[in-house]
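In what follows, a single structure is set out as structure tokens and then discussed.
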Amino acid sequence: MAVIDQSRSSEMENKLKKKNTSDQKNINSAVQKYIAASQASSTKRAYASDLRHFLAHGGSFPCTPRRLAEYLAESANSGLAVATLERRVTAIHKAHLEQRWKSPIHSEIVKQVIQGIRRTQGTKQRQVKPLMKADLLKALSTIGHQQMPLKAARDQALLLVGFASAMRRSELVLIRTEHLNHTANGIEIKLPISKTDQERRGRTIFIPRATTGEHCPVTALAHWLKVAGINEGYVFRAVNRHGRIANQGLSPQSVALIVKAVMTQVGVDATNVSGHSLRAGFCTCAAEAGLQLWQIRDQTGHKSNVTVLKYIRRAAQQAVPSLL
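With our numbering applied, the sequence shown covers 1 to 324.
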């Protein structure tokens, strides 16, 4: 795709912001407050990134149906995932509606291009590789020998808590000490908000103590907090090469990089490994251990069985007996 210069992209973004600011001056401040809170910050960042990409690759506002169709075709040819492409269409559509411009996504040419992309490339999302218990334990046994003590303590706690809690990586990095409640049998983690709980009702995840202290997420977490001297604020933080601990929490991307690096060290192909592999691994291992769907959902926070079944299909397939 032909890339336009950065100045044009910035100019178009500024025009959008100025027009939006002008319109908002006539809106009650309370209304503006709740409009701003209608979407998660991660969604806003994703949409902003989508619009920057669109502008940087020949897009303009308002956009004609033909230009949008060309952009979608070019993006699909470059290997962009259908799910990402559909999100960008939504971002472009919302940008038009906010500025009271006619959205091009309802035009026949755009509809046909989107349908053609779906039929040609399919809508199957990339499946991350689940981090299974055997690989997890193997990684834990090598971390202490290959890393400095502080970083090893953090990574062991991160892997064990991430697996046992089945949290999303975006939830893991938001855990703070005030969210923790230690009990005799384990630890409760109060999540104030998550991907499927945008109304901030919150939910509590319980992690039981493991029978083996060496592989216990509760013990590993307590050890990390003690050696790191963390008494308040974010639980999982960056540790630099000098052993200094940051005040801010890790980013979701950092979790993915840590998991990939650790699995690479133990000889696992990390091509499809990500921060989500911990969550997928819990679901798969839980299914193999015989846990019911409702039990898995209670831990993961999934709203439907359909989503959970995507993770545990491997366990179901391996449980099919031979007919020969």
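Note that beta-carbon positions come from the ideal geometry of N, C-alpha and C, so glycine has one too.
In the same chain as residue 137, and ignoring 5 residues on each side of it, the C-beta atoms closer than 7 Å to its own belong to 215, in chain order.
Ranked by how close their Cα comes to the Cα of residue 213, the residues 256, 240, 190, 156 have 156 in first place. Measuring C-alpha to C-alpha distances from residue 289 to each of 132, 45, 98 identifies 132 as the nearest. Shortest Cα-Cα distance from residue 122 to any of 112, 86, 82 involves 82. Your pair residue 128 and residue 280 checks out as a contact, with CB atoms roughly 6 Å apart and the cut at 8 Å. If you check the CB distance, residue 207 and residue 230 do not come in under 8 Å. Counting C-beta pairs with one atom in each stretch, the region 59-72 and the region 101-119 have three or more that are closer than 8 Å, which means they touch. The region 219-239 and the region 175-183 touch, with no fewer than 3 CB-CB distances between them shorter than 8 Å. The alpha-carbon of residue 320 is positioned some 35 Å away from that of residue 80.
Contact annotation: residue 150 and residue 235 have beta-carbon atoms that are not nearer than 8 Å. A contact between stretches requires three or more CB pairs, one per stretch, nearer than 8 Å, and the region 247-255 meets this requirement with the region 168-177. In the three-state reduction of the DSSP assignment, residue 258 falls in the helix class, which pools H, G and I.
Around residue 158, the same chain offers 236 as residues with beta carbons nearer than 6 Å, after the five sequence neighbours per side are excluded. One alpha carbon belongs to residue 74, the other to residue 62, and they sit about 19 Å apart.
In this structure, residue 306 sits away from residue 300, with a CB-CB distance that is not shorter than 8 Å. Rounded to whole angstroms, the separation of the alpha carbons of residue 91 and residue 104 is 12 Å. A Cβ-Cβ separation of about 7 Å places residue 135 in contact with residue 266 under the 8 Å criterion. Residue 181 has 188 as its beta-bridge partners, per DSSP.
DSSP links residue 239 through a beta bridge to 245. Here the C-alpha atom of residue 184 lies approximately 11 Å from the C-alpha atom of residue 218. Between residue 162 and residue 278, the C-beta gap is smaller than 8 Å, which places the two residues in contact. With 16 or more other Cβ atoms from the protein chains shown falling within 10 Å of its own Cβ, residue 220 counts as buried. For the pair residue 143 and residue 273, the CB atoms are not nearer than the 8 Å cut-off.
Unbroken beta strand (DSSP E) runs of no fewer than 3 residues, entirely contained in the region 263-322, are not found. DSSP, read as helix, strand or coil, puts residue 203 in strand. Shown here, residue 208 sits in a strand according to DSSP, grouped into three states. Just so you know, the alpha carbons of residue 120 and residue 140 end up roughly 42 Å apart. Looking at the backbone, the Cα of residue 283 and that of residue 85 are separated by about 28 Å. One alpha carbon belongs to residue 295, the other to residue 148, and they sit about 37 Å apart. The beta-carbon distance between residue 189 and residue 204, rounded to whole angstroms, is 7 Å. This is short enough to meet the 8 Å contact definition. When the beta-carbon positions are compared, residue 246 and residue 275 stay at least 8 Å from each other.
Excluding its 5 nearest sequence neighbours in each direction, residue 47 has C-beta neighbours in its own chain below 6 Å: 91, listed in chain order.
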